[in-house]
Structures are given as structure tokens and as C-alpha cells.
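Student:
4 protein chains.
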Amino acid sequence: MTLFERLKAAAPDAWRSYVAHPFVAAMGDGSLPEHAFRRYLVQDYLFLIQFARANALAAYKSRTLADLRAAKAGLSAIVDMELDLHLRLCARWGLSPARIEATPEHRATVAYTRFVLDCGMSGDLLDLHVALAPCVLGYAEIGRALAPAGVEALHAHPYREWIGEYASDAYQDVAAAASRHLDDLGARYLGANRFDELAALFAKASRLEADFWQMALDASEP
Amino acid sequence: MTLFERLKAAAPDAWRSYVAHPFVAAMGDGSLPEHAFRRYLVQDYLFLIQFARANALAAYKSRTLADLRAAKAGLSAIVDMELDLHLRLCARWGLSPARIEATPEHRATVAYTRFVLDCGMSGDLLDLHVALAPCVLGYAEIGRALAPAGVEALHAHPYREWIGEYASDAYQDVAAAASRHLDDLGARYLGANRFDELAALFAKASRLEADFWQMALDASEP
Amino acid sequence: MTLFERLKAAAPDAWRSYVAHPFVAAMGDGSLPEHAFRRYLVQDYLFLIQFARANALAAYKSRTLADLRAAKAGLSAIVDMELDLHLRLCARWGLSPARIEATPEHRATVAYTRFVLDCGMSGDLLDLHVALAPCVLGYAEIGRALAPAGVEALHAHPYREWIGEYASDAYQDVAAAASRHLDDLGARYLGANRFDELAALFAKASRLEADFWQMALDASEP
Amino acid sequence: MTLFERLKAAAPDAWRSYVAHPFVAAMGDGSLPEHAFRRYLVQDYLFLIQFARANALAAYKSRTLADLRAAKAGLSAIVDMELDLHLRLCARWGLSPARIEATPEHRATVAYTRFVLDCGMSGDLLDLHVALAPCVLGYAEIGRALAPAGVEALHAHPYREWIGEYASDAYQDVAAAASRHLDDLGARYLGANRFDELAALFAKASRLEADFWQMALDASEP
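If you read the sequences in order, they're chains A, B, C and D.
Per this note's numbering, the first sequence runs over residues 1 to 222.
Per this note's numbering, the second sequence runs over residues 1001 to 1222.
Per this note's numbering, the third sequence runs over residues 2001 to 2222.
Per this note's numbering, the fourth sequence runs over residues 3001 to 3222.
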């Protein structure tokens, strides 16, 4: 049983509130209002900037060249690639960079991102990666769940691009590597009496991710 | 004009959304439902623990013995006194320590506290104290506003104890000292081109404080 | 076997280079030149200020009220008491506060203190306390070793005050509590594959403490 | 006058102790013993790893995408390129990667690198970059000084590769950009009363860099 599986097993309600959130269900059956998805896209871009900072924090906290290179790769992937990809996806939904950058962070974005950064700064690399796991690993699980027969079978699904991204082999491989990294960190930093603290942190992070979906659902029509 | 006054003048809407929030108005005229006040009390205790960490952070960041002693005094005041005072106030409202400690932090609590800690960690002492200013200085302003004729004139007001605490000379002095400290930090760290960044931070912190009131108002009846 | 004993057993040379350093031996037999002791006293005061910051860092990193209160107590002990005690000891050796505060930190002081702070910031509470252990626990071991027949038996020993301080029951109790705290942190954060990393950190900190003694021995006559 | 020039003017002795250190003079006239240069090379590699962490810290501390991208570029340059370049230079001096990685950090390496990281963590981006300036900008000044008639004129100089690297237009451009960045940070974060604090920090960092040269000169013959 991987550490990720143990964490989910220890926090089943929090996990379910996130991966089976109405936003996810509505995205899956295509009934999600477009304005909700747009709000999500914009806040997710702002989220990504803080996620880059979390990777920089992991690099700062690294004590081996291997950890440093891994964190650097994560930071570069966001700064050199994902931010631009994200802007292009936003453009296809009619959202200009100017509009995105002028949007203030929603409190749900602040809550999850700053919680992750504070966990990582006040704790160790294991805390940081456990706090990020709902995001990194949860998206892989959601992507897989929303494309049960493969991405091709989604045909003209309105959210095909998003689902396809996270259901893709490329992203599934990223998530599998992140899960192995979590196990490696666990072997170093998980003492006999720590699991409960970590599970509580994981549950809290999962609920903050659920709040992030809810924030998008609460968007009023434009 | 103090730095605090400049910050308020630069963010009038955010400031007003906080100090004139419906929660504050309802506390002032005594119409605030008790269950809303109870929710506030519990979350404010959880907030206070993070506020203690913010003072510890200020101590860590200190470069002069004077700054170190000031931050230590702030930390001691919370850990040695305010946490207990708070529990006693809670007890008078029927809230046991066990119940308080079993309550999870609300996302509004997470959002403001972790935002403050992240500002302080990623920035300097000025950032940290500007992010704390809505709390430290705002409470003094609210306390004064809710007791315009003095605390005695509140007679049997249901929220007299809370208002009296923040309208008291003792607390007003704490706030005045905090404002002077802000000016001193400004003289060291406020370069010609920084004010706008600081005002944006102040506005964001004020809105997150307003969300904290709203969280209490949103409490469903018990 | 306590974690502290395991760490010493894993780094015997580094530990010995510190607790059996010529400075310690010379202090023990009373042959240490006074100007070497004076240099030590001044740098140790500057060290203490950074040690206060390390306790503030521990408070910031705390996730339980018990950890927070313990770190706060450590910080208060230094800021409210030890700094003044230290200045009084310095005064008896003819060192004025003005002279002490005007002395720049020696590179040996910078090296050990900033190494500890960086370990603590980049790692977790266990890292921080392991990096501090040579100081907190080593001084207790040295005090005991230099007063084998008790403090009374030291009679008019020139360094009786220093030895007596660290050989005292009061300080031995502080050290015993610190060792138990280390075991408690180990039970939380010491995973199966971490011990070697921790032992290397402990060895490095011990050698930096040995350098601190050497810095004092290297003092030229005034 | 740039901020860098003001800092040098405020700390002329410390600056001179570094850029005109006997190590530098001996490298310039070719009389530097090879074993001193080798010790420098090995410690400089270990230094570079901490320098990468300092860039990661700058990325974590960034509040604008521009700052984040700049810090990311600095981190990538080290992790993706300079570490390997450095190993190749070491190889030409007979130093294998295995030997380098097995060498413990010297206390002079610990002192400067952890001082920089602590300045950056406890202060703001300006503190961090001022603490790094002796390294980033000082090497450009030294490179230029050791190749007064250009790199070609060095002919078969034994340290031509090192001097050529830092006298090169490419490196001079990096340093010029770093100086401009310092001015930009100064415009944001340098309040009326801060310069003295910053100049003290710059002087201390310069002296720790001088100690780093001295460490290499003190190397005993192999």
C-alpha cells in the first residue's frame, strides 16, 4: 500500500468531498455551466503561480542534488510551459491575459495555496508534498475517472481538453512518479508516531481543494 | 499622516468592507445572533494560535535586540495570557476548551492566517506587520466606534465585554504603539516605489478579515 | 538508547573533537589564558542572540500548543534572563556591554549559528533540535566532566562560575528534558532511512562547535 | 551612483580585503600554488549548490512573475549548466566528481553560504541580493582586474580559464544586469533609514568572501 493510498484510506470523507465534488460530476457529464468553468480557469492560473512558489520552496529545502534537480524541474515545467499552456486554454474560452491578471485571488485560492506554502515552510519536504498531493495526484485520479473508456471516447465532450490533459499517459506518469517520491520521503521522514498528523494535514488540504471547486460553482452568471 | 492612515486612504472600499461589516454593525446594536458570535469566538481562538506563530516569525526575523524583545513580548502576551483570557470568555458563552480544540479551522481562518504568515515569510517585517494591521489596528478602531460614549455607557449591552476589551485604554495604547512601529518600519523599508504593493497587500488582508466576519454570520443556527 | 546517545555513537570523532577540545581541557585544569576566555564570552553573547532566533523559529514551526509553549519558554528564558546573566558574567571579566555590542561576529560564530538556523528552516523541528544538541546537551556533558567531584570541590577554580553553571542540577535538568524532547521528535519524524542524514548533520554541528572553541584559543593576547 | 557603488563606498576596507585578497593577487600573477586553487575549486562547487538554493529562495520570495522568472532562470543556469561546467573544470585539474562530493564543506563555505541564506530568509529580496552581491558582482570586478589587456593577452597564464570566464563579455553582462536589478530592488525596498543596515550586511558578506579565499590559501600541500 503506497503512502498516498494510506492517506486516502485515513481521510475517506475529505477525499470524497473533493474528487466526487458536484463540480467534478458536472464537468464529467458535461452539464457544468461555462461561467463556472471560466471562473475555475482564471483562479487556477493564479493558483499555478503559487504552485510555482511551492516548487521553489521544495528546491530551497533540498539537501541532495537529486531532490534539488527534481524540484527545479517542477518549477521549470510551470514557469517555462504550464503557465503559457494555461493562458492558451484560457484564450480558447475567451479569457484574455489582461483579464486574468486583473482578477484578484479568490479567498478559496488564497486558503489552499497559502496553507500548502505554510505547511511546507513550517514542516519538511514530506509535509509539503503531502499538502500538494490532493492537487498533483487528485487531478490524475479525476482525469482517469472522467474518461473511463479513454479520451477518444469523449468525442465532442465540452470539457474534453481538460479531461484529456489529466487522463493522458503523460500526466498519469507524472502522478505515478509523484506517488513514488512520496513513498521515498515517507521512508526518510515518517516516524512511528507521525501518520495521524500527516493524515489530518492531507484531509485539510483535500477539503480546501473541494472549497476551490465550490468557489467556481458559486460563480454567478456573468 | 501615519503609514496606517495612508494605507486606509489607499484602500477605502476594502477597509470599509471590514470595519463596517454587517457583523460589526449587528454586534454594535446588539442584534447579532448569539450562535454567530459563538462561531466567531471559536474561530478567533484558532486564529490566535496562528497569530502567535506570526509573532514568533517576527522574532525570528529580528535583526536588533529591540525588535527581538518587542516580538517576544507579543508572543508571550498571547501564549501566557490571551489564550487563557479567550478560553475564559468562551466559557462564559458556554464553549468548553474540548469543544473549541475539536473544531476544525474554517477556510476563512485558514485564508487570512496563512496569507499573513506567507506575506511575512516571503517578505520582510514591514510586510508582516502591514498584513497584521487590519487585525491589530482594525480592532482598536472598531472597539472605539462601538463605544462612542465610553464603555460605561454600554450598560447591559450583550457584547459589552468584547467591545469594552478593544475600546479600553489598554488596547488603544497597544494599537497606538503598533502604528508607531509601522511608521518606524516604513522609515527603514519603504522605498520610493513600494507603496502600491503594500497598499494592495493591506487591501487583501482587510478583505480576508471581512470574510472572517462573514464566516461567522453564515453560521447556521445550532 | 536515547536518540542523543545514538547520534554520539554515530559520530564519535566529531563529538570528541568538540567535548574534549583543548579549550575545554584548559578550562578544566585552569590553564586557559584569560584573554581566550574573554573572547569566548563575547562571541558567546552574540551566539546567544542567534540562539534566541532559533527558539523563535521553533515556535513558528510548532503545530501543537505544547510545542509552541515549549519554544516560547526557551525564547523567553534567553531574552528575559540569560542575556542579562551573560552580561553580568562579562562585566565580572571586565567586558562592558558597549564593547560586546561593538564586536563583530567572528566567522566561527556565523558558521555555527547560521548553519543551525538553515537546518531548522530548510528541515523540520527534529533537524533544528539535532543541530542545537551539541550546544544544549554538550554543555551539560562538559559541565559534568569538569566538576567530577561536584561544584563545591572546585574551590577557587578560575572558571568555577562557568563550570558551576553547566554542572548545576538546574542545567542538567534542562539538558535531560531536551534529550527527552529529541526522543519525542524522533518518534514523530525519524523514518527508517533518515538516521544517517541526521547523524551527518549532528557531526557537522559538533565540528562547528569545536571551531567555536578554537576561535577563542586563537585569540591573540590583547 | 548605483546602489552597488554606494555599498562599496560605504565599506571600502571590507571590499578591499576581498577583491584585493592575496589569493586574488597570486592568481593574477600566476604564483598561486596549485593545491590552493584545487581546494578553492572543490569548495566553490559545494558553494554553488547552496547558491542554487539561494536562487530557489528568491523564486519562493517573488511576488511578480518577472521576479519569479528571473529567479527561475538563475536557478536553472546553475542546476542545468554551471554545476556541470564546474565539474569539467575540476576534471582538468585532476579532481573527480567522487572526490569532490566526498569533501565536507569547509567552515568558511558554511559561514558565507548560510549567512546569505539566513539574510535572505529573515529579510527581503533586497537583503538576499545584497548578500549575494560580493559573489555575483565581485567576481566580475576581479575578472576584469586580472585581465586588464583582455583575455587574449593572458596567453598561457595558468589561471587563464578562470580569469577568462569572469572577464568575458557574457559574465560582465550578467553582472551588469544584477547591478540594475539591485537598483530596482532598492527603489522598492530601500527606505530612508535602511542604508546603514544594508551596508553593514554588505561589509560582512564581503569579509566572509575574503575568508573563503583565505581558506584556500591555508590549504596545506597535499
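Each residue gets a CB set at the ideal place from its N, CA and C atoms; glycine is no exception.
This one's a predicted model, so the numbers in the text were calculated from it and none came from an experiment.
(1) Taking the alpha carbon of A:Val130 as the reference point, which residue from A:Leu65, A:Ala175, A:Ala66, A:Pro22 has its own alpha carbon closest?
(2) Is the CB of A:Asp124 under 8 Å away from at least one CB in chain C?
(3) Would you decide whether B:Met1001 is buried or exposed? Buried here means 16 or more other CB atoms lie within 10 Å of its CB.
(4) Quick one: is C:Leu2065 buried, meaning 16 or more other Cβ sit within 10 Å of its Cβ, or exposed?
(5) In three-state DSSP terms, what is A:Lys61?
(6) For A:Ala10, collect the residues of the same chain with a Cβ closer than 6 Å to its Cβ; drop the 5 residues on either side in sequence, then sort them by chain order.
(7) Compare the beta carbon distance of D:Ala3140 and D:Tyr3171 with 8 Å and say whether it is the shorter of the two.
(8) So A:Trp81 is in the alpha helix (DSSP H); what residue range does that whole segment cover?
(9) Relative to the alpha-carbon of B:Arg1053, which residue among B:Val1116, B:Phe1037, B:Trp1015 has its alpha-carbon at the smallest distance?
(10) Select from the region 3024-3058 of chain D all residues with a C-beta closer than 7 Å to any C-beta belonging to chain C, and list them in chain order.
(11) Hey, would you say D:Ala3178 sits closer than 8 Å to D:Leu3146, going by beta carbons?
(12) Distance check for D:Ile3049 and D:Ala3056, CA to CA, integer angstroms please.
(13) So with CB distances below 7 Å, who are the chain B contacts of D:Gly3191?
(14) From B:Leu1137 to C:Arg2088, what does the alpha carbon distance come to, in whole angstroms?
(15) With distances taken Cα to Cα, identify the nearest neighbour of A:Ala202 among A:Cys135, A:Leu32, A:Arg160.
(16) Just the chain D side, please: which residues come within less than 7 Å of A:Tyr60 by C-beta, in chain order?
(17) Quick check: what's the CA-CA separation for C:Pro2104 versus D:Ala3014?
(18) Is A:Tyr40 helix, strand or coil by DSSP?
(19) Might you give, ordered along the chain, the residues of its own chain that have their beta carbon closer than 8 Å to the beta carbon of C:Asp2127, omitting 5 neighbours on each side?
(20) Rounded to the nearest angstrom, how far is the Cβ of D:Ala3219 from that of D:His3086, given a contact under 8 Å?
(21) How long is the line joining the alpha carbons of C:Arg2063 and C:Leu2125, rounded to whole angstroms?
(22) Buried or exposed for A:Trp93, please, with buried defined as at least 16 other CB atoms from any protein chain shown within 10 angstroms of its CB.
(23) Decide yes or no for the touch test of the region 1182-1194 of chain B against the region 3183-3192 of chain D: beta carbon pairs closer than 8 Å, at least 3 of them.
(24) Residues of chain C with CB under 9 Å from D:Phe3202, in chain order?
(25) Just the chain C side, please: which residues come within less than 7 Å of B:Val1079 by C-beta, in chain order?
(26) Which residues bound the alpha helix (DSSP H) around D:Val3136?
(27) Run through DSSP, which three-state label would C:Pro2158 get?
(28) Output, in chain order, the set of chain D residues within a Cβ distance shorter than 8 Å of A:Ala76.
(29) By a C-beta neighbour count over all protein chains shown, 10 Å radius and 16 as the cutoff for buried, is B:Ala1149 buried or exposed?
(30) Does the beta-carbon distance from C:Ala2111 to C:Asp2211 come in below 8 Å?
(31) Establish whether the CB of C:Arg2144 and some CB of chain A are separated by less than 8 Å.
(32) Excluding the 5 residues preceding and the 5 following C:Val2042 in the sequence, name in chain order all residues of the same chain whose CB lies nearer than 8 Å to its CB.
(33) So B:Phe1023 and B:Trp1162 are supposed to be a Cβ contact under 8 Å. How far apart are they, rounded?
(34) Apart from the five residues on each side of it in sequence, which residues of its chain come closer than 8 Å, Cβ to Cβ, to C:Ala2153?
(35) Please report the Cβ distance between B:Phe1004 and B:Leu1208, rounded to the nearest whole angstrom; I am assuming they are in contact, meaning their Cβ atoms lie under 8 Å.
(36) Quick check on DSSP: helix, strand or coil for C:Trp2093?
Tutor: The answer reads as follows:
(1) A:Ala175
(2) yes
(3) exposed
(4) It counts as exposed.
(5) coil
(6) Ala199
(7) yes
(8) According to the sequence as given, residue 81 of chain A is Met; it is not Trp. Counting along the chain, A:Met81 falls outside any alpha helix (DSSP H), and DSSP gives it neither H nor E.
(9) B:Val1116
(10) none
(11) no
(12) 11 Å
(13) Gly1186, Ala1187, Arg1188, Tyr1189, Leu1190, Gly1191
(14) So the alpha carbons of these two residues sit roughly 39 Å apart.
(15) The residue you asked about is not Ala; residue 202 of chain A is Phe in the sequence shown. Closest option to A:Phe202, Cα to Cα, is A:Cys135.
(16) Arg3053, Ala3056, Leu3057, Tyr3060
(17) About 13 Å.
(18) A:Tyr40: helix per DSSP, three-state reduction.
(19) Contacts found: Cys2119, Gly2120, Leu2198, Leu2201.
(20) Not really, about 18 Å apart at Cβ, beyond 8 Å.
(21) 10 Å
(22) exposed
(23) yes
(24) Going along chain C, no residue has its Cβ under 9 Å from D:Phe3202, so there is no contact; the nearest lies around 14 Å.
(25) Leu2068, Arg2069, Lys2072
(26) 3125-3146
(27) coil
(28) Per the sequence shown, residue 76 of chain A should be read as Ser rather than Ala. Listed along chain D, the residues sitting closer than 8 Å to A:Ser76 by beta-carbon distance are Lys3072, Ser3076.
(29) exposed
(30) yes
(31) no
(32) Cys2090, Leu2095, Arg2099, Ile2100, Thr2103
(33) Incorrect: roughly 12 Å between the Cβ atoms, too far for contact.
(34) Excluding residues within five positions, the ones whose Cβ falls inside 8 Å are Ala2147.
(35) Contact flag wrong, Cβ pair sits at about 17 Å.
(36) coil
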